[in-house]
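Novice:
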Amino acid sequence: MELLKERIRNEGRDLGSGILKVDGFINHQIDPALIDACGRELAVRFAGAGATKVLTAEISGIAPALCTALHLGVPVLYARRERPITMPDQVLLTVAPSHTKGHRTELIVSPEYLGRGDRVLIIDDFLATGQTILGLARLTQAAGAHLVGVGAVIEKAFEGGRAALERLGVPIESLAVVTEMRGGRIVVA
Numbered sequence: 011m012e013l014l015k016e017r018i019r020n021e022g023r024d025l026g027s028g029i030l031k032v033d034g035f036i037n038h039q040i041d042p043a044l045i046d047a048c049g050r051e052l053a054v055r056f057a058g059a060g061a062t063k064v065l066t067a068e069i070s071g072i073a074p075a076l077c078t079a080l081h082l083g084v085p086v087l088y089a090r091r092e093r094p095i096t097m098p099d100q101v102l103l104t105v106a107p108s109h110t111k112g113h114r115t116e117l118i119v120s121p122e123y124l125g126r127g128d129r130v131l132i133i134d135d136f137l138a139t140g141q142t143i144l145g146l147a148r149l150t151q152a153a154g155a156h157l158v159g160v161g162a163v164i165e166k167a168f169e170g171g172r173a174a175l176e177r178l179g180v181p182i183e184s185l186a187v188v189t190e191m192r193g194g195r196i197v198v199a
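Counting with the working numbering, you get residues 11 to 199 for the letters of the sequence shown.
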């Protein structure tokens with residue numbers, strides 16, 4: 011994903027404290043061609059996993075998850091932060107810390123859409139500490155579903171998320187790996 015790496019180098023901003031701003035093309039204003047290419051590449055990498063659902067977290071993970079699911083030909087499901095009145099009383103719920111929000115966030119999924127027999131591929135915009143993805147993995151397990159892989163558009167390798175996810179025992183793929191952010195400089199592997 012050379013195009014993605016170039017966009018990170020040219021347009022990404024190091025805001026300090028490990029925060030990488032890519033709002034101009036990934037998670038606020040979205041470049042549809044770039045996100046589609048990311049989804050296509052993630053779908054290729056996980057083509058043999060047999061996923062029946064793609065799971066992500068509201069809201070920044072939705073675009074790459076949707077494109078991945080589209081190319082895999084499966085539904086995408088996103089964990090909500092609040093339970094809407096349309097959701098049943100009994101839900102799948104976990105809590106995960108959010109680095110960019112600075113507090114813990116609820117992740118809520120309706121058991122109507124995630125259950126036994128589902129083969130789940132988790133896709134998110136970032137793999138940093140891995141806490142959100144671990145929360146999504148907990149929801150998958152609570153539903154009795156089978157986790158088949160984890161994909162991220164951007165991995166911040168220096169935050170240790172990959173090591174935290176390795177205990178899940180599934181393939182982990184990142185399209186771009188940021189190895190260092192210091193003094194406004196962003197290093198992409």
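For glycine and all other residues, C-beta sits at the position ideal for the given N, C-alpha and C.
Helix, strand or coil: which one does DSSP assign to GLU169?
Specialist: Counting from one through the sequence shown, the residue named residue 169 turns up at place 159. In this structure, GLU169 counts as helix in the three-state DSSP scheme.
Novice: Among LEU14, ARG23, GLU12, whose alpha-carbon lies nearest the alpha-carbon of MET191?
Specialist: Against the sequence shown, residue 191 aligns to sequence position 181. For MET191, the nearest C-alpha among the options comes from ARG23.
Novice: Quick one: grab the DSSP three-state call for GLU51.
Specialist: Here residue 51 refers to the residue found at position 41 of the sequence shown. Helix.
Novice: DSSP on LEU25, reduced to helix/strand/coil?
Specialist: In the sequence shown, the residue the question calls residue 25 occupies position 15. Residue state, collapsed to three classes: coil.
Novice: Measuring CB atoms only, is the region 62-72 touching the region 126-145, in the sense that at least three cross pairs come out at less than 8 Å?
Specialist: These segments touch.
Novice: Which residues bound the alpha helix (DSSP H) around THR142?
Specialist: Taking the sequence shown and counting its residues from 1, the one referred to as residue 142 is at position 132. Element bounds for THR142: 141-152.
Novice: Go through its chain and collect everything with a Cβ distance to ARG55's Cβ below 6 Å, but skip five positions before and after it.
Specialist: Residue numbering aside, residue 55 sits at position 45 when the sequence shown is read from its first letter. Within the same chain, ARG55 has close Cβ partners GLU183.
Novice: Tell me GLY125's beta-bridge partners as DSSP assigns them.
Specialist: As a first step, residue 125 must be located in the sequence shown, where it is residue number 115. DSSP lists no partner for GLY125.
Novice: Do GLN141 and ALA89 have their CB atoms nearer than 8 Å?
Specialist: By one-based count along the sequence shown, residue 141 stands at place 131. By one-based count along the sequence shown, residue 89 stands at place 79. No.
Novice: Pick out the complete beta strand (DSSP E) segments inside the region 59-120, 3 residues or longer, and give them in chain order.
Specialist: Counting whole runs of 3 or more residues, the region 59-120 contains the beta strand (DSSP E) stretches 63-67, 86-89, 102-108, 113-119.
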